[in-house]
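> Questions regarding the structure given below will be posed in turn.
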Amino acid sequence: VVERHNYLAKTDGTRAFPWRVLAIAENDTDLLTNQLTYQLAIPNKIGDTSWIKPGKVAWDWYNANNLKGVDFEAGLNTETYKFYIDFAAKYGVEYVILDEGWYPLGDLMGSVEGFDVKEVMAYAKQKGVGIILWATWLTLYEQFDEAMDRFAELGAVGIKPDFFQRDDQEMVNFYWKIADEAAKRKLLVDFHGSYKPAGLRRTYPNVISREGVKGLEWNKWSYDSTPEHNTTLPFIRMVAGPMDYTPGAMSNAVGPAAFEQIQYKGKAPDHQDFTIRFNRPMSQTTRVHQMAMFTVFESPLQMMADSPSQYLANAESAKFIASVPSVWDETIALNGEIGDYITFARRSGDTWFIGAMSDEHARELKVKLDFLPRGKYDIEIFQDGVNAHRFAEDYQRITKKVTNKDILTLKLAPGGGYTAKISPR
Numbered sequence: 001v002v003e004r005h006n007y008l009a010k011t012d013g014t015r016a017f018p019w020r021v022l023a024i025a026e027n028d029t030d031l032l033t034n035q036l037t038y039q040l041a042i043p044n045k046i047g048d049t050s051w052i053k054p055g056k057v058a059w060d061w062y063n064a065n066n067l068k069g070v071d072f073e074a075g076l077n078t079e080t081y082k083f084y085i086d087f088a089a090k091y092g093v094e095y096v097i098l099d100e101g102w103y104p105l106g107d108l109m110g111s112v113e114g115f116d117v118k119e120v121m122a123y124a125k126q127k128g129v130g131i132i133l134w135a136t137w138l139t140l141y142e143q144f145d146e147a148m149d150r151f152a153e154l155g156a157v158g159i160k161p162d163f164f165q166r167d168d169q170e171m172v173n174f175y176w177k178i179a180d181e182a183a184k185r186k187l188l189v190d191f192h193g194s195y196k197p198a199g200l201r202r203t204y205p206n207v208i209s210r211e212g213v214k215g216l217e218w219n220k221w222s223y224d225s226t227p228e229h230n231t232t233l234p235f236i237r238m239v240a241g242p243m244d245y246t247p248g249a250m251s252n253a254v255g256p257a258a259f260e261q262i263q264y265k266g267k268a269p270d271h272q273d274f275t276i277r278f279n280r281p282m283s284q285t286t287r288v289h290q291m292a293m294f295t296v297f298e299s300p301l302q303m304m305a306d307s308p309s310q311y312l313a314n315a316e317s318a319k320f321i322a323s324v325p326s327v328w329d330e331t332i333a334l335n336g337e338i339g340d341y342i343t344f345a346r347r348s349g350d351t352w353f354i355g356a357m358s359d360e361h362a363r364e365l366k367v368k369l370d371f372l373p374r375g376k377y378d379i380e381i382f383q384d385g386v387n388a389h390r391f392a393e394d395y396q397r398i399t400k401k402v403t404n405k406d407i408l409t410l411k412l413a414p415g416g417g418y419t420a421k422i423s424p425r
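Residue 56 in full-length UniProt numbering is what sits at position 56 of the sequence shown, and the numbering runs on without skipping anything.
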């Protein structure tokens, strides 16, 4: 966009104009369950939604298709994506995304050399894994009808249009067109490079998530995705609707902000171990902070951002992440302060999950389990290890028995986390 008109939008006659929400809460945690943007939106226009399936996604772009221990050269090729599909099938991950690079730039009707999209789609179908196809918005705009038809003919379950970077009238109208035409073809939509949500997901429930957030990928080129940033998002951005933050880093480091809070033998360290690396990125948080995101961050389409090789090498963490649902029957905000810390309890069926995250400060939190119905439960806990303040991948896994009379003590390292699964016995 190089020039704008001196008005916001053109309209003919009487119409309903966009609303705006000012959410006011007595306590920070009251913001966490605010549903105003959903309640004010136009109700479902597509009718039957039984075909819309939430789930987790094995994602390629964050980890730059880096694989190890395989007998082929990893990259944008057929064998690499078959490996992603095998990983997804093994861990019960519902989807795989074919992100940037699967088609020749500017032509959604083709696929790059060495990548057979039809073979990959057929292999995914055989394995029971759905495929979501990425596209730049401009190429999609230029080839819209034939591209959308092709996606459906290939058997894709969804699309991920990207790089919009605008929220003017023309672009907002294109969002609605994508949502509508995708629904006609039974395609999910995950908008990236997008503006903040404003209720479109209620009108078109196939708009299952969107970015509009500085997510995990910002660690590839910046210091912006800090623990404080992560503990601010649920109170601010997530109030507007689900956010595709793309969590799940297995390479974890202590970032600059957390290092300032750490003392070794009475002396502050002279360096931090987070490094900006585009092709082999890491988080500025502990391992368990990343794992807790799957409960804390709301996104019916939830990415598993790291490489399948990383998850296979960290199977205990990966297995737990894969077990966390991406939609919920009940949510309780247990405690939290904007930019400092947050703890959620969420229920799916008769199983509860707890997720807690801290900013750059170490802290101890108490959580009463009185939200549980009467009965006996097994709890599986992942908490920061005793050395997580200096080696962010350190964690402890604990299993024990609990009831609704118990109180959990959550000890979070700087940039740390805590997550647990509570199942009835």
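The beta carbon of each residue, even a glycine, is placed where N, CA and C say it ideally should be.
Give the straight-line distance between the Cα atoms of L408 and T331, rounded to the nearest whole angstrom.
Cα to Cα, the separation comes out at about 18 Å.
> Within the continuous alpha helix (DSSP H) that includes V296, where are the two ends?
That run of the alpha helix (DSSP H) goes 287-296.
> Tell me the rounded alpha-carbon separation between D99 and P256.
Rounded to whole angstroms, D99 to P256 spans 31 Å at the Cα level.
> Here's a check: name, in chain order, each residue in its chain whose Cβ is nearer than 7 Å to the Cβ of V327, leaving out the five neighbours to either side.
For V327, same chain residues with a beta-carbon under 7 Å away, outside a window of 5 residues either side, are P54, P300 in chain order.
> Please report the distance separating the alpha-carbon of F144 from that of K177.
10 Å
> With a Cβ-Cβ cutoff of 7 Å, do N404 and L369 count as a contact?
Yes.
> My understanding is that I338 touches D28, with C-beta atoms under 8 Å, so please give their C-beta distance in whole angstroms.
5 Å
> Report the three-state DSSP secondary structure of Q126 (helix, strand or coil).
helix
> Using 7 Å as the limit for Cβ to Cβ distance, is N219 near chain C?
Reference to chain C is not applicable here, since this structure consists of a single protein chain.
> In terms of residues, what are the limits of the alpha helix (DSSP H) holding E364?
Residue range 363-368 is occupied by the beta strand (DSSP E) that includes E364, with no alpha helix (DSSP H) assigned at that position.
> Given this structure, state the Cα-to-Cα distance separating G47 from T203, to the nearest angstrom.
10 Å
> Rounded to whole angstroms, what is the Cα-Cα separation between F259 and T49?
47 Å
> Indicate whether the contact test is met: 3 or more Cβ pairs, each with one atom in the region 283-290 and one in the region 238-245, closer than 8 Å.
By the Cβ rule, the region 283-290 does not count as touching the region 238-245, because fewer than three pairs are nearer than 8 Å.
> So L188 and A147 are supposed to be a Cβ contact under 8 Å. How far apart are they, rounded?
Actually they are not in contact, since the Cβ atoms of L188 and A147 sit about 16 Å apart, beyond 8 Å.
> Thinking just about the alpha-carbon of each residue, which of K56, L233, G416, Q383 is nearest to the one in A362?
Minimum Cα distance to A362 is reached at G416.
> What's the C-alpha gap between M282 and A9?
42 Å
> Which residue marks the beginning of the beta strand (DSSP E) containing P161, and which one marks its end?
158-162
> For the pair the region 78-87 and the region 117-128, tell me if three or more CB-CB distances fall below 8 Å.
yes
> Would you mind stating whether T33 and A356 have Cβ atoms separated by less than 7 Å?
no
> Could you pull the DSSP bridge partners for W61 from this structure?
DSSP, once it has assigned bridges, lists no residue as partnering W61.
> Which residues in the same chain as V70 place their Cβ atom closer than 7 Å to its Cβ, once the five residues preceding and following it in sequence are excluded?
The residues are F83.
> Following the continuous beta strand (DSSP E) through F382, name the residue where it begins and the one where it ends.
Bounds of the beta strand (DSSP E) holding F382 are 377-384.
> Tell me the residue span of the alpha helix (DSSP H) that contains A152.
Residues 144-154.
> On the DSSP bridge assignment, give the partners of M357 in chain order.
I342, G417
> Classify D244: buried if its beta carbon has 16 or more other beta carbons within 10 angstroms, exposed otherwise.
buried
> Could you compute how far the alpha carbon of residue 427 sits from the alpha carbon of I422?
An answer regarding residue 427 cannot be provided, because it is not within the stretch 1 to 425 covered by the chain.
> Grab me the residues of G110's own chain with a C-beta within less than 7 Å of its C-beta, minus the 5 sequence neighbours each way, in chain order.
Y103, P104
> Taking just the CA atoms, how far does P308 sit from Y91?
10 Å
> Out of A135, F174, K196, I321, point me to the one whose CA is closest to K56's CA.
I321
> Beta-carbon within less than 7 Å of T80's beta-carbon, same chain only, minus the 5 sequence neighbours each way: which residues are those?
N65, L67, A74
> The alpha helix (DSSP H) spanning K184 covers which residue range?
169-184
> Am I right that R347 and D329 are in contact with their C-beta atoms under 8 Å? What's the rounded C-beta distance?
5 Å
> Buried or exposed for I24, going by 16 or more other Cβ atoms inside 10 Å?
exposed
> What is the residue span of the alpha helix (DSSP H) that L312 lies within?
308-313
> In chain order, which alpha helix (DSSP H) runs of at least 4 residues are fully inside the region 231-284?
Within the region 231-284, complete alpha helix (DSSP H) segments of at least 4 residues are found at 256-259, given in chain order.
> Which word fits K45, buried or exposed, when buried means at least 16 other C-beta atoms lie within 10 angstroms of its C-beta?
exposed
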